[in-house]
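See below for the structure under consideration.
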Amino acid sequence: MAYEPGEIKVFNPNKEISKEITLEILIRHRDALKQARTGELPNIPMDQIKDNDRKMYQARALNLIVAAQREMITISRPIIFYTSTQKWKKKYKEEEEQKENLFDKENNDYNRLMEWLDFLRHCEKAILEADKTKSLKDDFMVTKTKGNSAEEYNELTSNFYEMVEDLESSYEQIYLIMLTNKIVSAGIEEDEELSYKEKEAEAIKRVVEA
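Per our numbering, the sequence shown starts with residue 34, numbered consecutively.
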């Protein structure tokens, strides 16, 4: 089967799991990110969504994005842990070497993935705190009134836009780790003449443009 450049592919021994789990998560992330950017909901025309509701849907999408990225990590971490430990054992064959170069201190894909998991936990905590506290400084959406009238309107804060940007970056990095461990593919043709850095740059370009 031929694949077009930029097409999402999944690498998994069980094709049904690949289709039903991995791809489904990536699609949900795509839809959640679209909701955060536009407030659009599946199967509902934009002209039928009121502006106040649209802003509310955008703010709610933050939780959906975080949840999807956490699932990306959950399905990937066993495979990435295995491949990272195998590389570590190959690099440090002797027991004494392994004691001097602990796995959890290594700069490897698994540890980087766990750093992104910590980042997502921080995002979850920030969203929960914003809902609990009375202060508006940590909120992602605030409700205001127009002038002296009682008419209310919703407004997204700088916290919202900053978190969306951060989550776009975290998605890119998590996807790249999945990509280098052959859990997913951006549809890039393999070329032995390309250096690792060139392949990485091309992968980033494909992910950003997807």
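Every residue gets a Cβ at the ideal spot worked out from N, C-alpha and C, and that includes glycine.
Taking all protein chains shown into account, decide if A183 is buried (16 or more other Cβ within 10 angstroms of its Cβ) or exposed. As a working note, residue 183 is residue 150 in the sequence shown. Taking all protein chains shown into account, A183 has fewer than 16 neighbouring C-beta atoms within 10 Å of its C-beta and is therefore exposed.
Could you tell me if Q119 is buried or exposed, where buried requires 16 or more neighbouring beta carbons within 10 angstroms of its beta carbon? For this step, residue 119 is matched to residue 86 along the sequence shown. Exposed is the label assigned to Q119, since fewer than 16 other Cβ atoms lie within 10 Å of its Cβ.
Can you tell me where the beta strand (DSSP E) holding E188 begins and where it ends? Translated into the one-based positions of the sequence shown, residue 188 becomes position 155. Going by DSSP, E188 is part of the beta strand (DSSP E) stretching over E185 to L189.
Count the C-beta pairs between the region 112–128 and the region 138–150 that are closer than 8 Å, then say yes if the count reaches three, no if not. As far as the Cβ criterion goes, the region 112–128 touches the region 138–150, which means the pair count is three or higher.
Roughly how far, in whole angstroms, is the beta-carbon of A101 from the beta-carbon of I58, given that I think they are within contact range, below 8 Å? Within the sequence shown, the letter at position 68 stands for residue 101. Within the sequence shown, the letter at position 25 stands for residue 58. About 6 Å; that satisfies the 8 Å criterion.
Same chain, Cβ closer than 7 Å to V197, five either side skipped, listed in chain order: As a working note, residue 197 is residue 164 in the sequence shown. Closer than 7 Å at the Cβ level, and outside the excluded window around V197, lie A69.
Going by CA-CA distance only, name the one from M174, S168, E104 and T176 that's closest to L150. Position 117 of the sequence shown, counted from the first residue, corresponds to residue 150. Just measuring C-alpha positions, the residue of M174, S168, E104 and T176 sitting nearest L150 is E104.
In angstroms, rounded to a whole number, what distance separates the CA positions of I77 and K83? One-based indexing of the sequence shown puts residue 77 at position 44. One-based indexing of the sequence shown puts residue 83 at position 50. I77 and K83 have their C-alpha atoms spaced approximately 11 Å apart.
Determine the contact status of R93 and E73, defining contact as a CB-CB distance below 9 Å. Within the sequence shown, residue 93 is the residue found at index 60, counting from 1. Within the sequence shown, residue 73 is the residue found at index 40, counting from 1. Taking 9 Å as the Cβ cut-off, R93 and E73 do not qualify as a contacting pair.
How close, in whole Å, do the beta carbons of F173 and A163 come, if the pair is a contact with beta carbons under 8 Å? Along the sequence shown, read from residue 1 onward, the residue named residue 173 stands at position 140. Along the sequence shown, read from residue 1 onward, the residue named residue 163 stands at position 130. About 6 Å separates the Cβ atoms of F173 and A163, confirming a contact at the 8 Å cut-off.
What does the Cβ neighbour count give for S117, buried or exposed, with the cut at 16 atoms within 10 Å? The residue you call residue 117 lines up with position 84 of the sequence shown. Buried, because 16 or more other Cβ atoms sit within 10 Å of the Cβ of S117.
Assuming the contact rule is C-beta atoms closer than 8 Å, T176 and N187 should be a hit. Round their C-beta distance to whole Å, please. Here the question's residue 176 lines up with position 143 in the sequence shown. Here the question's residue 187 lines up with position 154 in the sequence shown. Correct: roughly 6 Å between the Cβ atoms.
K124 lies in the alpha helix (DSSP H); which residues open and close that run? Taking the sequence shown and counting its residues from 1, the one referred to as residue 124 is at position 91. Counting along the chain, the alpha helix (DSSP H) containing K124 begins and ends at D84 to K124.
Rounded to a whole number of angstroms, what is the C-alpha to C-alpha distance between D80 and D64? The count along the sequence shown starts at 1 and reaches residue 80 at position 47. The count along the sequence shown starts at 1 and reaches residue 64 at position 31. One alpha carbon belongs to D80, the other to D64, and they sit about 18 Å apart.
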